[in-house]
Amino acid sequence: MESILEVKDLHVSFSVRGGEVKAVRGVNFTVGKGETVAIVGESGSGKSVTAQTIMRLIPSPPSKIKQGQVIFNGEDLLSKTNKQMEAIRGKDIGMIFQDPMTSLNPTIKVGKQITEGLIKHQNLSFAEAKTRGVEMLKLVGIKNAEARFNQYPHEFSGGMRQRVMIAIALACRPSLLIADEPTTALDVTIQAQIINVMKDMQERFGTSIIMITHDLGVVAGMADRVIVMYAGEVVETGTSMEIFKNPQHPYTRGLLRSLPRIDQRKDEPLVPIIGTPPDLIKPPVGCPFAARCDHAMKVCERIDPDPTHLSDTHMSRCWLQHPMAQEVQSS
Amino acid sequence: MSVKNELIPQASAANLTPEDFRQIGVDEKQSEVIQRESLSAWRDSWERLRSNKLAMAGLIVMALVVIMAFIGPMISKFDYQTNDLMNTNKPPNSVHWFGTDDLGRDMFVRTWMGARISLVVGLAAALIDVMIGVIYGGIMGYFGGRVDEIMNKFAEILYSIPYLLVTILLLVVFEPSLGTIILALTITGWINMSWIVRGEIMQLKNREYVLASRSMGAGSGRLLFRHLLPNAMGPIIVTLTLSVPNAIFSEAFLSYLGLGVQEPVASLGSMISSSLSGWMLYPWRMLFPALLISLTMLAFNIFGDGLRDALDPKLKK
Amino acid sequence: MSGPLIEVEGLKKYFNLGKGNVLKAVNDISFSINEGETLGVVGESGCGKSTAGRTILRLYEPTAGSVRFNGTDIYKLSPGKMKAMRRDMQMIFQDPYASLNPRFTVTDIIGEALDIHNMAGSRKERKKRVEELLDMVGLNPDHATRYPHEFSGGQRQRIGIARALAVNPKFIICDEPISALDVSIQAQVVNLLQDLQKKLGLTYLFIAHDLSMVKHISNRVAVMYLGKVVELAESEELYANPMHPYTKTLLSAIPVPDPEVEASKPRILLNDTGSGPIHSAKDGAASGDIYNLDNSSLVEVTKGHWVAIPNS
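Residue numbers (my numbering), protein chains in the order written: chain A, 1 to 331; chain B, 332 to 648; chain C, 649 to 960.
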């Protein structure tokens, strides 16, 4: 598959008093054309920082991009000027955020917020932009779009606002959409609708989507591929099937085991992952998950493992994949 | 099995042995240990304040002014009220460091005496504002509803009367003295503070930790004094710091109008006022008090601003 | 399990929004909870589940109705008696960041309830009790002098649990105790709550919007919508055999962490509802009441399975 975005060895740090929080520590991944990739991880795993770095929306200071490349359509976004980035944001890469309440400007009519990008990036007249904007609102499932076009954000419910956000993000037909926890602030019934809208839009426009979330259920329903992040590192990647049906990294397995499933009748006790993630002001030398891992071996505490490729799509970064580990365990 | 390993922590280059792959147990308590050093909310704020150079400069200037206001008059051999008609309007020299005024009084001593009066008025007025404002605003915010409505109306009415009018009236009716000035400044000065406290308390009382304390059976006293006021302390301190220069300026202004402290007692405002008649000829008589009052106000304002940043409770990281 | 410890009857909590508009946050709900049982309450934001919890603890005064604890109507108690009653009823809050006073040390947070009820004894005894409680919730007693912002979300929620346990309560309302926590931490807290229930014989009212977790922890589940209970049943029964259309919608919306299941699952989509349970002065009805709940009553359809059915 042709790739549209490639993140190479990305390192991002934040300076805080008393040191530097190494939030992203060597992240690599690619996103193919028309593909939905989910980045899963807990708070502090670096997933949102990664997304914001791609968009160059991360405030600096306190953050600092230490090294790495973000290749989008063959060009490194990290070497662009702010002016160049402005032309890319909204036009080639769209973004939707977690909180639809705060990501829309409350003092500007919804219609104006949709057309703004169209006028800026595509040099449309207001009339043309309005036609496109109304059409977008209809596409994301807002009834009575002509009338709603002239309303303010507070006249929309939370789910409707998130639809508007999607309409704004996709108005210029960007080739990549970054959705940062797009359903976290919404109720489950609304969440289901928003996911449907996103899938529908992707089919229509062929947009690639990077979906940042902590909700594995949402991932299972949407993603083609999954990137699991922990403590600033990618610990496992694979297709949805590989990650959910054949997880290899103990962290991924732990996450799946700690979730109760609504469709299971048997009430087995949950298996939690003990402990808490490491403080990235002082990341551990070895595997960051070693302190919480029930398979931890001596080597894990000393050396951070390299990625092991189990198939073309499946990668796990764990010492258990080392041939010697399997020998020792089975003996 | 005791294999010695001296490997560099580089996964690909590592020379691994089966021993490395022996499972170890997880130590649950180990992963719960907190890495960072312990900091209380107050210490955290102090550290932040200390790293703010401008605010610290403000603090140092404030401290110097306060110290000089109290020891300044003592290190000079002159006093503030003895006339010396042989030495009137002398420019600064080695005897009279800041020169003398039209009655030959030493300007150095008078300037610091004036600063002392200004500081006393400013601090006293601000402290009284805090006391009334915290109690009044605390009651409004905590009880809310009808109590709040009535008390707030009263405060609004009082606030709508021009304070200069009240002040001048007061100073005309009563003898102008330090006490009267402080009274005049506080009669409406506390209102602002009470509104700030009211807003804070209203916001804080819906916090879950207050609810938690209520769910355990805590009474009003505990809620107010253990939970609400300590957490409202940041804005209170900032407002206090910023209201000191206001009071100092108001006092100077009143003295300038001749409504402040009376001769021979000096205040920065009255000194500037009396220097006006000859300021082209004797600029030092205006320069020193004016400089000092500006410096003091600037220092308090800068420090107050720094304090606001430092106390902003973003403790979530 | 023995008889009911908590009996809620006809509980209403209205908020006056002015101009004749009334927010009927809790609109006539009734249920009971047996000793040692966990009753789950699920519903989406604005359905009144949290208000219900707080009203049951009398943090809000009710508009109507009664809550009996061991047969005593707590709304009729004098302030003094109510204070004593609070030892038996405690609460665990949703937001582990907002529910702990940032100026208190962990010792003072957990010790506060002991101080209020004069159970602390000497300083040494108080310290010992706090350490015992920290140990009970799996926290390092060495951290007792630290401040809440130094802990992670999961650790703070444990502190909140230790605080609730300090006075040896019989009944605890868990108000979305895990929804602000990371997935891997949620299971820790849920398991801890279940262990403590077994060990101390606690009775829980577990409020959440995460249906899978509620199903996991609860014996029975009540589904709330617009201030009303629309369905109440044993948890297995509710999930296997939902009857109310809202329950069905809700269940179909929950994503399952399994791509195969997700691909084949039909979804019932709910129309966006209006402004929630606000009863406007004009027509007196709530704008989102598509199930005609105002004219429904809870009927026992099969044994122990109650559903809101429109009055004919």
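We put the beta carbon where it would ideally sit given N, CA and C, even for glycine.
Burial state of residue i, where buried means 16 or more other Cβ atoms lie within 10 Å
i          : result
Ile-402(B) : exposed
Gly-445(B) : buried
Thr-102(A) : exposed
Ser-45(A)  : buried
Ala-607(B) : For the sequence presented, residue 607(B) should be read as Leu rather than Ala. With fewer than 16 other Cβ atoms within 10 Å, it is exposed.
Gly-206(A) : exposed
Leu-612(B) : exposed
Gln-84(A)  : exposed
Leu-385(B) : exposed
Asn-424(B) : exposed
Ile-262(A) : buried
Phe-429(B) : buried
Helix, strand or coil at residue i according to DSSP, with G and I counted as helix
i          : result
Ala-856(C) : strand
Gln-534(B) : helix
Glu-655(C) : strand
Gly-389(B) : helix
Gln-412(B) : coil
Arg-225(A) : strand
Leu-560(B) : helix
Cys-300(A) : helix
Met-547(B) : coil
Ser-376(B) : helix
Asp-312(A) : coil
His-791(C) : helix
Ala-956(C) : strand
Asn-669(C) : strand
Asn-82(A)  : helix
Glu-539(B) : helix
Asn-73(A)  : coil
Asp-663(C) : For the sequence presented, residue 663(C) should be read as Phe rather than Asp. The answer is strand: DSSP assigns Phe-663(C) an E or B state.
Phe-679(C) : strand
Gly-468(B) : helix
Lys-697(C) : helix
Lys-951(C) : coil
Val-334(B) : For Val-334(B), the pLDDT reaches just 36, beneath the cut-off of 50, and the residue's location in the model is therefore unreliable, although a value from the coordinates is still provided. It is coil, neither helix nor strand.
Candidates the options: closest to residue i by CA position
i          : options                                        : result
Met-628(B) : Leu-450(B), Arg-436(B), Arg-353(B), Met-438(B) : Leu-450(B)
Leu-844(C) : Ser-860(C), Arg-868(C), Leu-813(C)             : Leu-813(C)
Phe-717(C) : Asp-756(C), Arg-735(C), Gly-728(C)             : Arg-735(C)
Phe-634(B) : Ala-388(B), Ile-355(B), Ala-597(B)             : Ala-388(B)
Lys-512(B) : Val-478(B), Gln-593(B), Ile-488(B)             : According to the sequence displayed, residue 512(B) carries Ile and not Lys. Selected option, being the one with the closest Cα: Gln-593(B).
Lys-896(C) : Gly-34(A), Lys-112(A), Thr-189(A)              : Thr-189(A)
Thr-107(A) : His-154(A), Val-7(A), Arg-163(A)               : His-154(A)
Gly-565(B) : Ser-601(B), Leu-500(B), Met-524(B)             : Met-524(B)
Val-909(C) : Phe-289(A), Glu-116(A), Ala-220(A)             : Ala-220(A)
Val-528(B) : Ile-355(B), Val-452(B), Gly-464(B)             : Gly-464(B)
Glu-146(A) : Ile-281(A), Leu-186(A), Gly-158(A), Lys-112(A) : Lys-112(A)
Trp-526(B) : Asp-636(B), Lys-484(B), Ser-551(B)             : Lys-484(B)
Within chain D, the residues that residue i reaches when beta carbons sit closer than 9 Å
i          : result
Asn-562(B) : Absent here is chain D; the protein component of the structure consists of chains A, B and C.
Whole-Å CB distance - residue i paired with residue j, under 8 Å assumed
i          : j          : result
Ala-761(C) : Met-471(B) : Not confirmed; about 29 Å, so no contact.
Leu-176(A) : Asp-92(A)  : 7 Å
Ile-758(C) : Val-778(C) : 5 Å
Ser-832(C) : Ile-273(A) : 4 Å
Ile-677(C) : Pro-652(C) : About 15 Å; that fails the 8 Å criterion.
Ile-603(B) : Ala-578(B) : So it is not a contact: roughly 17 Å between Cβ atoms.
Val-110(A) : Val-197(A) : The pair is not a contact, with the Cβ atoms about 16 Å apart (cut-off 8 Å).
Tyr-251(A) : Val-235(A) : 5 Å
Any non-hydrogen atom of the ligand COA within 7 Å of residue i CB
i          : result
Ala-792(C) : With respect to the ligand COA, the structure shown offers nothing to examine, as it has no ligands at all.
Enumerated in chain order, which unbroken segments of the beta strand (DSSP E) with a length of 3 residues or greater are wholly contained in the segment 3–50 of chain A? 3–16, 19–32, 36–40
Unbroken stretches of the alpha helix (DSSP H), 4 residues or longer, contained in the segment 710–783 of chain C: 727–733, 754–764
_List, from N- to C-terminal side, the alpha helix (DSSP H) runs of 4 residues or more that fit wholly inside the segment 575–634 of chain B._
599–606
* Residue ranges of each alpha helix (DSSP H) within the segment 476–537 of chain B, 4 or longer -> 476–491, 494–504, 509–535
Please give me, in chain order, every unbroken run of the alpha helix (DSSP H) with length at least 4 that falls completely inside the segment 802–887 of chain C. 831–848, 859–865
Start-end ranges of the beta strand (DSSP E) lying completely within the segment 112–190 of chain A, minimum 3 residues:
176–180
What ranges does the alpha helix (DSSP H) occupy inside the segment 226–287 of chain A, keeping only unbroken runs of at least 4 residues that lie completely in it? 240–245, 250–257
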